[in-house]
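Novice: My structure is below; once you've seen it, I'll send some questions.
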Amino acid sequence: MSSSGALPIAIVVMLALNAYAVLAGADFGGGVWDLFAAGRNRDLQRRLIADAMSPVWEANHVWIILVVVLLFTCFPPVFARFAIVLHVPVTLMLIGIVLRGSAFIFRSYESRGDEVQRRWGRLFAVASLITPLLLGTIVGAVASGKVTAPVEGAGFVANYVAPWATPFAFAVGGFALCLFGFLAAVYLTLEAKEPDLREDFRRRALVSGVAVLASAGIALLFSLRKSGAPLMGHGLTEARHALPVQVSVAVAAITAMVALWFRRFVLARVAAVAQVSLILWGWALSQYPYLIPPDLTIQATVAPWVTIRLVLVALGAGAVVLVPSLWYLFRVFKSR
Amino acid sequence: MPDLLAARSQMAISLAFHIVFAMIGIAMPVLMVLAERRWIKTGDPVALDLAKRWSKGTAILFAVGAVSGTVLSFELGLLWPRFMEFAGPIIGMPFSLEGFAFFTEAIFLGIYLYGWNRIPPRAHLLAGVLVAVSGALSAVFVVIANAWMNYPTGLVMDAGRVVSFDPLAAMATPAAFPQALHMLLAAYAATGLAVAGVHALFLLRRPDQAFHRRALGLALLVGAPAAVLLPVSGDINGRFLAEYQPAKLAAAESLFETQTRAPLLIGGLPDGDEKKVRFGIEIPGGLSLLAFHDLDAEVTGLDRIPRELWPPLTVAHVSFQVMIGLGSFLALVSVWAGWTVFRRRDLARQRWLLRALVLAAPMGFIATEAGWFLTEVGRQPWIINGVMKTRDAVTPMPGLIVPLLGFTLLYVLLSIGVTWVLYRQIVRSPVGVEGTSL
Numbered sequence: 042m043s044s045s046g047a048l049p050i051a052i053v054v055m056l057a058l059n060a061y062a063v064l065a066g067a068d069f070g071g072g073v074w075d076l077f078a079a080g081r082n083r084d085l086q087r088r089l090i091a092d093a094m095s096p097v098w099e100a101n102h103v104w105i106i107l108v109v110v111l112l113f114t115c116f117p118p119v120f121a122r123f124a125i126v127l128h129v130p131v132t133l134m135l136i137g138i139v140l141r142g143s144a145f146i147f148r149s150y151e152s153r154g155d156e157v158q159r160r161w162g163r164l165f166a167v168a169s170l171i172t173p174l175l176l177g178t179i180v181g182a183v184a185s186g187k188v189t190a191p192v193e194g195a196g197f198v199a200n201y202v203a204p205w206a207t208p209f210a211f212a213v214g215g216f217a218l219c220l221f222g223f224l225a226a227v228y229l230t231l232e233a234k235e236p237d238l239r240e241d242f243r244r245r246a247l248v249s250g251v252a253v254l255a256s257a258g259i260a261l262l263f264s265l266r267k268s269g270a271p272l273m274g275h276g277l278t279e280a281r282h283a284l285p286v287q288v289s290v291a292v293a294a295i296t297a298m299v300a301l302w303f304r305r306f307v308l309a310r311v312a313a314v315a316q317v318s319l320i321l322w323g324w325a326l327s328q329y330p331y332l333i334p335p336d337l338t339i340q341a342t343v344a345p346w347v348t349i350r351l352v353l354v355a356l357g358a359g360a361v362v363l364v365p366s367l368w369y370l371f372r373v374f375k376s377r
Numbered sequence: 070m071p072d073l074l075a076a077r078s079q080m081a082i083s084l085a086f087h088i089v090f091a092m093i094g095i096a097m098p099v100l101m102v103l104a105e106r107r108w109i110k111t112g113d114p115v116a117l118d119l120a121k122r123w124s125k126g127t128a129i130l131f132a133v134g135a136v137s138g139t140v141l142s143f144e145l146g147l148l149w150p151r152f153m154e155f156a157g158p159i160i161g162m163p164f165s166l167e168g169f170a171f172f173t174e175a176i177f178l179g180i181y182l183y184g185w186n187r188i189p190p191r192a193h194l195l196a197g198v199l200v201a202v203s204g205a206l207s208a209v210f211v212v213i214a215n216a217w218m219n220y221p222t223g224l225v226m227d228a229g230r231v232v233s234f235d236p237l238a239a240m241a242t243p244a245a246f247p248q249a250l251h252m253l254l255a256a257y258a259a260t261g262l263a264v265a266g267v268h269a270l271f272l273l274r275r276p277d278q279a280f281h282r283r284a285l286g287l288a289l290l291v292g293a294p295a296a297v298l299l300p301v302s303g304d305i306n307g308r309f310l311a312e313y314q315p316a317k318l319a320a321a322e323s324l325f326e327t328q329t330r331a332p333l334l335i336g337g338l339p340d341g342d343e344k345k346v347r348f349g350i351e352i353p354g355g356l357s358l359l360a361f362h363d364l365d366a367e368v369t370g371l372d373r374i375p376r377e378l379w380p381p382l383t384v385a386h387v388s389f390q391v392m393i394g395l396g397s398f399l400a401l402v403s404v405w406a407g408w409t410v411f412r413r414r415d416l417a418r419q420r421w422l423l424r425a426l427v428l429a430a431p432m433g434f435i436a437t438e439a440g441w442f443l444t445e446v447g448r449q450p451w452i453i454n455g456v457m458k459t460r461d462a463v464t465p466m467p468g469l470i471v472p473l474l475g476f477t478l479l480y481v482l483l484s485i486g487v488t489w490v491l492y493r494q495i496v497r498s499p500v501g502v503e504g505t506s507l
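In structure tokens:
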């Protein structure tokens with residue numbers, strides 16, 4: 042197998058995952074705030090979330106499909122390992138994705154305001170809460186280095202449950218949930234037209250910003266334990282790139298919180314996106330050169346050059362179509 | 070239940086569920102765009118009302134199609150990791166292109182559904198056209214990947230092992246054109262005639278409602294020509310099978326012996342042990358004629374195929390019969406409707422035609438399901454024809470009955486949910502006296 046082109050493709054996979062996190066992640070976060078809608082403006086909060094999500098959530102969702110397709114095309118052993126060992130949490134996440142999307146669209150087109158519509162809303166909100174937990178758990182499992190090839194005779198639990206049912210993976214699940222909630226609240230401060238509503242989401246953004254910090258601390262603690270995520274713990278604390286990554290995440294996080302405090306909402310959004318992106322890239326750096334530690338590296342699992350070359354061409358051509366289309370979508374619905 | 074059977078059943082249920090929404094996602098945008106174009110050209114408020122109502126239905130059904138399609142993209146690996154590990158680099162190309170087509174579809178559908186008052190009418194119409202075009206392209210790309218499984222090209226094999234491969238040659242499989250053409254026509258025919266059937270039901274009660282009259286005309290404009298062309302694309306597929314996938318055709322027709330002037334079998338149940346068919350009617354030379362356009366051509370029978378490589382005979386044969394029977398009915402009804410229009414008769418007052426259209430409404434989808442059963446079951450025991458067996462592709466994880474039951478339950482509940490929402494929102498919502506209020 043030739044290894045050229047492996048790194049650029051791996052970077053594109055991470056970029057797509059990054060886009061999924063900051064776009065679709067916020068849609069999940071929106072569902073969480075729908076669940077926790079409270080106070081005088083409860084119905085207005087829900088309306089704002091739905092209006093913000095409606096035109097874009099399906100496009101945002103496609104990023105995860107791009108990740109999957111690139112993985113099985115360009116790093117086939119990685120996709121096979123992922124799908125075999127993480128079958129259970131991936132299946133649960135898919136059920137969450139199906140219920141979240143269907144319930145959201147069913148509620149949108151139920152315009153009667155009756156009990157049926159409220160039930161769809163509840164289902165949408167609960168699925169929005171559970172899906173990021175599972176997504177984070179899956180990422181945590183990969184980072185922990187426990188997603189190893191099944192051993193014959195080792196039993197179902199050892200092969201298919203133990204790799205992801207760890208305190209560290211669950212902690213990452215909680216961290217992902219807090220991050221998505223934080224992103225959504227920050228974005229919604231900009232979506233809200235009424236000052237009242239904006240304050241609602243500013244408070245939520247500040248609270249979830251603190252929750253992000255707390256859950257990050259918990260995940261970090263678990264990662265440092267021997268049973269946690271040794272590679273990642275090392276990458277986050279001791280490796281050469283550890284300090285710059287940590288410092289830049291901290292700067293982004295502090296900037297976001299300070300900007301929220303002083304109601305500089307555009308700056309807060311930029312900083313929140315930077316924060317989430319830096320966390321993802323920090324994770325990627327900490328486990329480089331592995332796609333699935335402890336054994337599947339980028340170079341060892343990449344598909345032959347004949348495939349990679351074509352995928353690079355397709356990505357280039359696809360970007361020519363995709364970038365202006367996405368720009369237009371967000372200009373129509375998100376420009377102020 | 071053995072794990073292999075559970076995995077195959079889960080894949081079948083997921084595909085069978087998704088394909089309905091995928092087809093609607095391909096064809097409904099064409100209907101909305103036609104209605105909107107008529108509104109822009111004529112200023113007819115009924116056409117605008119129609120475009121908006123159809124786009125509501127599209128929004129609901131597209132979303133379910135998008136999430137169930139996501140499940141499938143993961144399931145390829147969850148259920149068949151060895152297949153994907155082998156085939157990913159070879160057929161990843163059409164999947165990647167499909168990814169981009171699906172992206173533009175989702176982007177412009179968002180713009181179309183929520184941009185009515187935000188962008189100029191022409192830009193809005195163009196967004197709808199882009200949804201329709203990218204929907205058709207996604208279908209073509211996905212079907213190309215499936216076509217390669219039926220007739221894998223671009224592989225250099227040595228003693229059963231792949232030495233090298235060429236993804237572009239894989240995309241150029243001769244199965245791609247017949248399958249993609251048939252699938253696209255099926256999507257337009259099934260969806261167009263299903264929509265026509267719904268509006269025909271309303272016209273049977275009150276033939277003077279402008280809303281439903283306009284809807285019936287546009288739906289037939291999309292559905293009827295496609296339904297008339299389906300037997301043609303079906304013929305192309307039949308000839309492809311005769312040449313490239315003889316085992317599938319032999320199973321579909323329960324042809325046990327290779328023969329010239331092979332008969333066409335109508336009805337009947339095959340018995341693999343006795344190597345004969347019960348209760349069937351045979352039309353002498355019919356199969357030779359269909360497969361090679363020559364009454365005396367030799368058609369390969371199951372005797373040329375080792376017994377352990379036979380596809381399940383009953384499923385293949387029954388699916389084939391259902392597809393052809395229902396497809397023929399759709400084509401006939403479409404010709405009838407075309408004839409009525411040609412004679413300048415009022416479609417909305419032809420009560421027997423309206424009844425036939427109501428009857429035809431679900432048939433296109435049932436026929437497509439049957440067609441896919443033939444395509445997939447008829448390829449067994451192979452997942453990649455002649456290259457990899459389905460049993461060698463399945464995940465090593467035991468207990469696959471559990472996700473099978475889980476997804477079955479999920480899809481049953483979702484089907485009830487979709488039907489309920491559509492019924493409440495589309496069918497029962499009031500249409501004014503002139504059919505224009507909303």
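Quick note, the sequences are listed as chains A and B, same order.
First residue of the first sequence? That's 42 in the working numbering, and the numbers climb one at a time after it.
First residue of the second sequence? That's 70 in the working numbering, and the numbers climb one at a time after it.
Glycine included, each C-beta is placed from N, C-alpha and C at the ideal position.
1. State buried or exposed for aspartate 277 of chain B, treating a residue as buried only when at least 16 other CB atoms are found within 10 Å of its CB.
2. Going by C-alpha to C-alpha distance, which of A:Ala300, A:Arg372, A:Ala184, A:Leu231 sits closest to leucine 337 of chain A?
3. Pairs of beta-carbons, one from the region 86-100 of chain A and one from the region 168-187 of chain B, closer than 8 Å: are there three or more?
4. Listing by chain order, which chain B residues have their CB less than 8 Å from the CB of tyrosine 150 of chain A?
5. What in chain B is Cβ-close to isoleucine 136 of chain A, meaning under 9 Å?
6. Taking the C-alpha atoms as reference points, what is the distance between valine 456 of chain B and glutamine 158 of chain A?
7. What is the DSSP secondary structure of leucine 127 of chain A, counted as helix, strand or coil?
8. Where does phenylalanine 234 of chain B fall in DSSP's three states?
9. Can you give the beta carbon distance from arginine 141 of chain A to threonine 178 of chain A, rounded, assuming they're within the 8 Å contact cut?
10. What is the DSSP secondary structure of alanine 60 of chain A, reduced to helix, strand or coil?
11. Can you give, in chain order, each stretch of the alpha helix (DSSP H) that sits fully within the region 429-487 of chain B and has at least 4 residues?
12. Kindly list, in the order they appear in chain A, the residues whose Cβ is closer than 7 Å to that of methionine 466 of chain B.
13. Closer than 8 Å, CB to CB, is valine 97 of chain A near chain B or not?
14. Alpha helix (DSSP H) containing tyrosine 369 of chain A: first to last residue?
15. I'd like to know if glycine 80 of chain A contacts chain B, where contact means its C-beta is closer than 8 Å to some C-beta of that chain.
16. Taking the alpha carbon of valine 402 of chain B as the point to measure from, which residue in B:Ala132, B:Arg230, B:Gly261, B:Lys344 has its own alpha carbon closest?
17. What are the boundary residues of the beta strand (DSSP E) that includes isoleucine 350 of chain B?
18. State yes or no: is the beta carbon of histidine 275 of chain A nearer than 8 Å to at least one beta carbon in chain B?
19. Cutting at 8 Å between CB atoms, please list the residues of its own chain near proline 330 of chain A, excluding the five before and the five after it.
20. Is lysine 125 of chain B helix, strand or coil when you go by DSSP?
21. Would you please verify whether the beta carbon of isoleucine 188 of chain B is less than 8 Å from any beta carbon of chain A?
22. Assign serine 268 of chain A to one of two classes, buried (16 or more other C-beta atoms within 10 Å of its C-beta) or exposed (fewer than that).
23. Taking all protein chains shown into account, decide if phenylalanine 90 of chain B is buried (16 or more other Cβ within 10 angstroms of its Cβ) or exposed.
24. My output table needs one value for glutamate 235 of chain A: the three-state DSSP class, helix, strand or coil.
25. Would you call the CB atoms of serine 137 of chain B and serine 83 of chain B closer than 8 Å?
26. By Cβ distance, which residues of its chain are closer than 6 Å to alanine 366 of chain B, with the 5 residues on each side in sequence left out?
27. Looking at the ligand ADP, does it come within less than 7 Å of glycine 137 of chain A, judged from the CB to the closest heavy atom?
28. Glutamate 367 of chain B bridges to which residues according to DSSP?
29. Please state whether the Cβ-Cβ distance between leucine 224 of chain A and alanine 313 of chain A is less than 8 Å.
30. Do glycine 286 of chain B and leucine 426 of chain B have their beta-carbon atoms positioned less than 8 Å apart in this structure?
31. How would you call proline 380 of chain B, buried or exposed, if buried means at least 16 neighbouring beta carbons within 10 angstroms?
32. What is the DSSP secondary structure of methionine 42 of chain A, counted as helix, strand or coil?
33. Name, please, each residue of chain A whose Cβ falls closer than 8 Å to the Cβ of leucine 483 of chain B.
34. Would you mind telling me which residues of chain A sit closer than 9 Å to methionine 153 of chain B, beta carbon to beta carbon, in chain order?
35. Per DSSP, what kind of secondary structure is leucine 324 of chain B in: helix, strand or coil?
36. Among B:Phe246, B:Pro294, B:Val133, B:Ala255, which residue has its Cα nearest to the Cα of alanine 216 of chain B?
Specialist: Here's the rundown:
1. Counting every other CB atom within 10 Å of its CB across the protein chains shown gives aspartate 277 of chain B a total below 16, marking it as exposed.
2. Selected option, being the one with the closest Cα: A:Ala184.
3. In short, these stretches touch, since the Cβ pair count reaches three.
4. The contacting residues are Lys125, Ala128, Ile129, Val490, Gln494.
5. Going along chain B in sequence order, the residues near isoleucine 136 of chain A (Cβ under 9 Å) are Val140, Gly475, Phe476, Leu479.
6. Approximately 50 Å between the Cα atoms of the pair.
7. Here DSSP, grouped into helix, strand and coil, assigns leucine 127 of chain A to coil.
8. It is a strand residue.
9. In this structure arginine 141 of chain A is not in contact with threonine 178 of chain A, their Cβ atoms being roughly 16 Å apart against a cut-off of 8 Å.
10. Helix at alanine 60 of chain A.
11. Complete alpha helix (DSSP H) runs here, min 4: 432-446.
12. Chain-ordered, the chain A residues with CB closer than 7 Å to the CB of methionine 466 of chain B read Ile125, His128, Tyr201.
13. Yes, its Cβ sits closer than 8 Å to a Cβ of chain B.
14. Annotation: the continuous alpha helix (DSSP H) that includes tyrosine 369 of chain A extends over 346-375.
15. Not closer than 8 Å to any Cβ of chain B, the Cβ of glycine 80 of chain A fails to qualify, so no.
16. Closest option to valine 402 of chain B, Cα to Cα, is B:Gly261.
17. For isoleucine 350 of chain B, the enclosing beta strand (DSSP E) covers residues 350-352.
18. Histidine 275 of chain A has a beta carbon lying at 8 Å or more from every beta carbon in chain B.
19. Thr338, Ile339, Gln340.
20. Lysine 125 of chain B: helix per DSSP, three-state reduction.
21. Interface residue, yes.
22. Exposed is the call here.
23. So phenylalanine 90 of chain B ends up on the buried side.
24. In the structure shown, glutamate 235 of chain A sits in coil (DSSP, three-state: anything other than H, G, I, E or B).
25. In this structure, serine 137 of chain B sits near serine 83 of chain B, with a CB-CB distance shorter than 8 Å.
26. Only Ser357 meet the Cβ criterion.
27. As presented, the structure is devoid of all ligands, the ligand ADP included, so that no description of it is given.
28. Answer is B:Thr329, bridged to glutamate 367 of chain B.
29. Yes, the Cβ-Cβ distance between leucine 224 of chain A and alanine 313 of chain A is below 8 Å.
30. Contact: no.
31. So proline 380 of chain B ends up on the buried side.
32. For methionine 42 of chain A, the pLDDT reaches just 45, beneath the cut-off of 50, and the residue's location in the model is therefore unreliable, although a value from the coordinates is still provided. Coil.
33. Ordered by position in chain A, the residues that pass the 8 Å Cβ test against leucine 483 of chain B are Val139, Ser143.
34. Going along chain A in sequence order, the residues near methionine 153 of chain B (Cβ under 9 Å) are Phe113, Pro117, Phe120, Ala121, Ala124.
35. Here leucine 324 of chain B carries a coil assignment [DSSP, helix/strand/coil].
36. Comparing alpha carbon positions, the residue from B:Phe246, B:Pro294, B:Val133, B:Ala255 closest to alanine 216 of chain B is B:Phe246.
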